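For the sequence shown, the working numbering assigns the number 1048 to the initial residue and increments by one for each residue that follows. Glycine included, C-beta positions come from ideal geometry on N, C-alpha and C. Remember, predicted model here, so these are calculated numbers, not experimental data. Have a look at the structure below before the remarks.
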Amino acid sequence: FKPIKTKIMNLQYISDHKGKTTGVFIPIQVWEELKEKFKGLKEEELREQSKEEFLSGLKQAVEEMNLVKQGKLKARDAKELLNEL
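Structure (structure tokens):
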């Protein structure tokens, strides 16, 4: 990746009523540069999971957690789990 040309980036954080950061505001120049830089990328369309698929995945996760608790299966680290998502 080429670095963005903007030398100073004044980020502004957007917070909810509890003070939790929920977003970032970037200058329009930075936004335009990012759009240009990544113009070849397309949005990936994700299909909706059916109720049966969701419940099946949830059941498998619970079964795996029980096996981990019983010492019959080694737990995965968080990085591996996130990569799977």
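Worksheet item: From what residue to what residue does the alpha helix (DSSP H) around Ser1103 run?
Response: If you look at Ser1103, you'll find it in the alpha helix (DSSP H) that goes Lys1098 to Lys1116.
Item to complete: Out of Lys1065, Lys1126, Gly1066 and Asn1057, state which residue places its alpha-carbon closest to the alpha-carbon of Phe1072.
Response: Taking each of Lys1065, Lys1126, Gly1066 and Asn1057 in turn and checking the Cα distance to Phe1072, the smallest one comes out for Asn1057.
Item to complete: Using three-state DSSP, classify Ile1073 as helix, strand or coil.
Response: Correct three-state label for Ile1073: coil.
Worksheet item: What separation, rounded to the nearest whole angstrom, lies between the Cα atoms of Val1077 and Thr1068?
Response: Approximately 20 Å between the Cα atoms of the pair.
Worksheet item: Between the C-alpha atoms of Glu1111 and Ser1062, what's the straight-line distance to the nearest angstrom?
Response: C-alpha of Glu1111 to C-alpha of Ser1062: approximately 37 Å in a straight line.
Worksheet item: Would the beta-carbon of Ala1108 fall within 8 Å of that of Val1115?
Response: The Cβ atoms of Ala1108 and Val1115 do not sit closer than 8 Å to each other.
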